[in-house]
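Have a look at the structure below before the remarks.
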Amino acid sequence: MTLTSVSQTPVGFSPDEIATFRSDFPILSSRVNDHPLVYLDSGATSQKPRVVLDAEREYYEHENAAVHRGAHTLAALATERFEDARATVARFVGAKDDEIVWTSNATEAINLVAYAIGNATAGRGGRAAERLRLAPGDEILVTEMEHHANLLPWQELAARTGATLRYIPISDDGALRMDKAERLVSSRTRILAFTHVSNVLGVINPVADLVALARGVGALVVLDACQSAPHFALNVKSLDVDFAAFSGHKMLGPTGVGVLYGRSELLNALPPFLTGGSMIATVTMDSAEYLPAPHRFEAGTQRVSQAIALGVAVDYLVEIGMDRIGQHEAALGQLLVQGLENIAGVTVLGPRSGETRVGLASFDVRGVHSHDIGQFLDDRGIAVRVGHHCAQPLHRRLGVTSSTRASTYFYTTPDEVAEFLDGVAAATRFFGVDE
Amino acid sequence: MESLYQEVILDLSRHPHGRGLAGNAAGTSHQVNPTCGDDVTLEVHLEPGTDRVMSVRWDGHGCAISQASASLFSDLAPGLSVRELGERIELFRTAMRSRGTIEPDEELLGDAVALGGVSRYVARVKCAMLAWVAGEEALAVATAA
Chain U
11 MTLTSVSQTP
21 VGFSPDEIAT
31 FRSDFPILSS
41 RVNDHPLVYL
51 DSGATSQKPR
61 VVLDAEREYY
71 EHENAAVHRG
81 AHTLAALATE
91 RFEDARATVA
101 RFVGAKDDEI
111 VWTSNATEAI
121 NLVAYAIGNA
131 TAGRGGRAAE
141 RLRLAPGDEI
151 LVTEMEHHAN
161 LLPWQELAAR
171 TGATLRYIPI
181 SDDGALRMDK
191 AERLVSSRTR
201 ILAFTHVSNV
211 LGVINPVADL
221 VALARGVGAL
231 VVLDACQSAP
241 HFALNVKSLD
251 VDFAAFSGHK
261 MLGPTGVGVL
271 YGRSELLNAL
281 PPFLTGGSMI
291 ATVTMDSAEY
301 LPAPHRFEAG
311 TQRVSQAIAL
321 GVAVDYLVEI
331 GMDRIGQHEA
341 ALGQLLVQGL
351 ENIAGVTVLG
361 PRSGETRVGL
371 ASFDVRGVHS
381 HDIGQFLDDR
391 GIAVRVGHHC
401 AQPLHRRLGV
411 TSSTRASTYF
421 YTTPDEVAEF
431 LDGVAAATRF
441 FGVDE
Chain Y
65 MESLYQEVIL
75 DLSRHPHGRG
85 LAGNAAGTSH
95 QVNPTCGDDV
105 TLEVHLEPGT
115 DRVMSVRWDG
125 HGCAISQASA
135 SLFSDLAPGL
145 SVRELGERIE
155 LFRTAMRSRG
165 TIEPDEELLG
175 DAVALGGVSR
185 YVARVKCAML
195 AWVAGEEALA
205 VATAA
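In the order they appear, the protein sequences are chains U and Y.
Per our numbering: the first sequence = residues 11 to 445.
Per our numbering: the second sequence = residues 65 to 209.
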């Protein structure tokens, strides 16, 4: 493997285009440990362009006020900007405005659904929520490749309601066992929760097939879109899922803001998760009536600056074009896997080269712990993720305790991938993999 | 890189000392580093009828630092009293937490000084400490018995 052979492989964006994107990201020109930063951890959190950073500052400098309360000019302006951001995100995923709920992150979004269903099961939400109640004998189905954020809320919900949690296993190459899925989905299945793209394997799951199985038995579909929404074009209506969750900080936005998409009728049938100010119609000392969605799920002071900045981030992504971003990253994903497969002692988790994957690759180095690989790469200014990536059951299934993960974004260059591959090859020599 | 991964550390991570549990220990401890899932189970065996360490055996999974550190601990412990070993664990901890300001004392810590460079890498201090924390707890169990 040489630097040039990799650099010449065509990818979605031209070098000039990528250079222009990169000039928008102050952090990408920084140096780490005396090397130019090679940031290959966008799957954990993306870097932020200046327009997003400026959006938060400008909001605080010129528009800051409490939203959905108060009648003064700034309050009205802040509310308008906050709701405009919601509309921007709604358009981005093909939803209606009132189907987008702001949360702190995707984890909170999934917990919101799980806790709201738990509250329905406890008898809250009146007649509308009756059909969402769980009972012993009901089943919640997830997959073996879930991030803990799409596993533990369901474990807890099952424990609280007496429902049973089951999972669709994977094959050795990281594909969902659809033959097993077909047998696992039954009239007992009430919820099918799965990730669109695995944060470890980089594999894209067959949403349409899974949704068809769920629809056949009337189960709710919850999609973890954390690794898909930032990286390729996605439409919740054509995917036909009931709920979808993603995080702002993985798609150029600030931390502290995430998104829950929910079909209108379901959101309005669910009782609230968090209760308090702003989410009510009328309150007495004994009871309360709640606002329709999305506001019934937005109790207390909201993450206004973050939501507005996320709206700006989405505008930035749309201007670049989600389809081209997807193509660019798919090409980088292939470069990553091809390069890793050529390094002795390295085993890639998930699809082999040539098979579909996003711009993400996790791998095991024979006899060398991921923290040691990560440390070695960090010394060269290369930032990767090490550990179990919040997917312990998946790692256990693959027979490794941890892995090293490189993940790209549209601002990642083929040269950076080449630097990373050189670094991994050097690490295998340093740690004596062949001895 | 080389200050963190000294040759002795790389060697020990490939050819560990004291690896493999013997059972029937005076004290045993299992420790996990939740950030990476690394774990070590460590046994302290005492000379019968004394408070002197006869041997340390361990097993576990982890990075080069945590694995070498367990080997170095098992090299250091034999022949020391429970109190002496406890003091050395404390010395080692102080050096590890010093962010590179305190060089470990070779007289008292032997080859474990090779881990001195770890203290400049805050994120890796837990890796180096894992076996020593297990040792501390195993000693406490042995003394309480």
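Backbone N, C-alpha and C fix where the C-beta goes; we use that ideal spot for every residue, glycine too.
Neighbour flag for residue i against chain U, beta carbons, 8 Å
{"i": "residue 121 of chain Y", "result": "no"}
{"i": "residue 65 of chain Y", "result": "yes"}
{"i": "residue 199 of chain Y", "result": "no"}
{"i": "residue 91 of chain Y", "result": "no"}
{"i": "residue 268 of chain Y", "result": "In the structure displayed, chain Y extends from 65 to 209; residue 268 of chain Y sits before or after that span and is not available."}
{"i": "residue 126 of chain Y", "result": "yes"}
{"i": "residue 101 of chain Y", "result": "yes"}
{"i": "residue 76 of chain Y", "result": "no"}
{"i": "residue 168 of chain Y", "result": "no"}
{"i": "residue 136 of chain Y", "result": "no"}
{"i": "residue 70 of chain Y", "result": "no"}
{"i": "residue 157 of chain Y", "result": "no"}
{"i": "residue 184 of chain Y", "result": "no"}
CB contact check: residue i to chain Y, cutoff 8 Å
{"i": "residue 196 of chain U", "result": "no"}
{"i": "residue 411 of chain U", "result": "yes"}
{"i": "residue 382 of chain U", "result": "yes"}
{"i": "residue 385 of chain U", "result": "yes"}
{"i": "residue 165 of chain U", "result": "no"}
{"i": "residue 379 of chain U", "result": "yes"}
{"i": "residue 107 of chain U", "result": "no"}
{"i": "residue 400 of chain U", "result": "no"}
{"i": "residue 389 of chain U", "result": "yes"}
{"i": "residue 226 of chain U", "result": "no"}
Nearest-angstrom Cβ-Cβ length linking residue i and residue j, presumed shorter than 8 Å
{"i": "residue 282 of chain U", "j": "residue 126 of chain U", "result": "7 Å"}
{"i": "residue 207 of chain U", "j": "residue 360 of chain U", "result": "At roughly 10 Å, the Cβ-Cβ gap does not stay under 8 Å, so residue 207 of chain U and residue 360 of chain U are not in contact."}
{"i": "residue 143 of chain U", "j": "residue 131 of chain U", "result": "5 Å"}
{"i": "residue 150 of chain Y", "j": "residue 203 of chain Y", "result": "6 Å"}
Contacts around residue i, its chain only, beta-carbon distance under 6 Å, and the 5 residues preceding and following it disregarded
{"i": "residue 316 of chain U", "result": "264, 266 and 267"}
{"i": "residue 224 of chain U", "result": "202 and 231"}
{"i": "residue 297 of chain U", "result": "none"}
{"i": "residue 429 of chain U", "result": "48"}
{"i": "residue 412 of chain U", "result": "380, 397 and 398"}
{"i": "residue 40 of chain U", "result": "47"}
{"i": "residue 26 of chain U", "result": "none"}
Start-to-end residues for the alpha helix (DSSP H) that takes in residue i
{"i": "residue 200 of chain U", "result": "It is not in any alpha helix (DSSP H) - residue 200 of chain U instead sits in the beta strand (DSSP E) that spans 199-205."}
{"i": "residue 118 of chain Y", "result": "Run containing residue 118 of chain Y: none in the alpha helix (DSSP H); it sits in the beta strand (DSSP E), 117-125."}
{"i": "residue 149 of chain Y", "result": "146-160"}
{"i": "residue 31 of chain U", "result": "25-33"}
{"i": "residue 448 of chain U", "result": "Lying outside 11 to 445, the shown extent of chain U, residue 448 of chain U is not represented and no answer is given."}
{"i": "residue 117 of chain U", "result": "116-131"}
Residue i - DSSP class collapsed to helix/strand/coil
{"i": "residue 309 of chain U", "result": "coil"}
{"i": "residue 230 of chain U", "result": "strand"}
{"i": "residue 55 of chain U", "result": "coil"}
{"i": "residue 237 of chain U", "result": "coil"}
{"i": "residue 138 of chain Y", "result": "helix"}
{"i": "residue 284 of chain U", "result": "coil"}
{"i": "residue 17 of chain U", "result": "Residue placement at residue 17 of chain U cannot be trusted, given a pLDDT of 44 that sits under 50; what the coordinates show is reported in the next sentence. Helix, per DSSP."}
{"i": "residue 415 of chain U", "result": "strand"}
{"i": "residue 490 of chain U", "result": "In the structure as shown, chain U begins at 11 and stops at 445. Residue 490 of chain U is therefore absent and cannot be evaluated."}
{"i": "residue 152 of chain U", "result": "strand"}
{"i": "residue 174 of chain U", "result": "strand"}
{"i": "residue 301 of chain U", "result": "coil"}
{"i": "residue 190 of chain Y", "result": "helix"}
{"i": "residue 420 of chain U", "result": "coil"}
{"i": "residue 389 of chain U", "result": "coil"}
{"i": "residue 12 of chain U", "result": "For residue 12 of chain U, the predicted structure reports a pLDDT of 40, less than 50, and the residue's modelled location is therefore unreliable. The matter cannot be settled from this model."}
{"i": "residue 292 of chain U", "result": "strand"}
{"i": "residue 78 of chain Y", "result": "helix"}
{"i": "residue 260 of chain U", "result": "helix"}
Residue i Cβ short of 7 Å to the ligand ADP heavy atom set
{"i": "residue 36 of chain U", "result": "Among the components modelled here there is no ligand, and therefore nothing to report on the ligand ADP."}
Contacts around residue i, its chain only, beta-carbon distance under 8 Å, and the 5 residues preceding and following it disregarded
{"i": "residue 88 of chain U", "result": "69, 73, 74, 75, 76, 77 and 314"}
{"i": "residue 158 of chain Y", "result": "166"}
7 Å Cβ shell around residue i - same chain, five flanking residues per side excluded
{"i": "residue 190 of chain U", "result": "178 and 179"}
{"i": "residue 173 of chain Y", "result": "140, 152, 155 and 156"}
{"i": "residue 177 of chain Y", "result": "168 and 170"}
{"i": "residue 184 of chain Y", "result": "163 and 164"}
{"i": "residue 12 of chain U", "result": "Low confidence applies here, because residue 12 of chain U scores a pLDDT of 40, under 50, leaving its location unreliable; read the following figure in that light. If we look at residue 12 of chain U and ignore the five residues flanking it on each side, it has no Cβ neighbours."}
Unbroken beta strand (DSSP E) run spanning residue i, endpoints
{"i": "residue 97 of chain Y", "result": "91-97"}
{"i": "residue 110 of chain Y", "result": "102-110"}
{"i": "residue 397 of chain U", "result": "395-397"}
{"i": "residue 89 of chain U", "result": "No beta strand (DSSP E) contains residue 89 of chain U, which is instead part of the alpha helix (DSSP H) from 83-103."}
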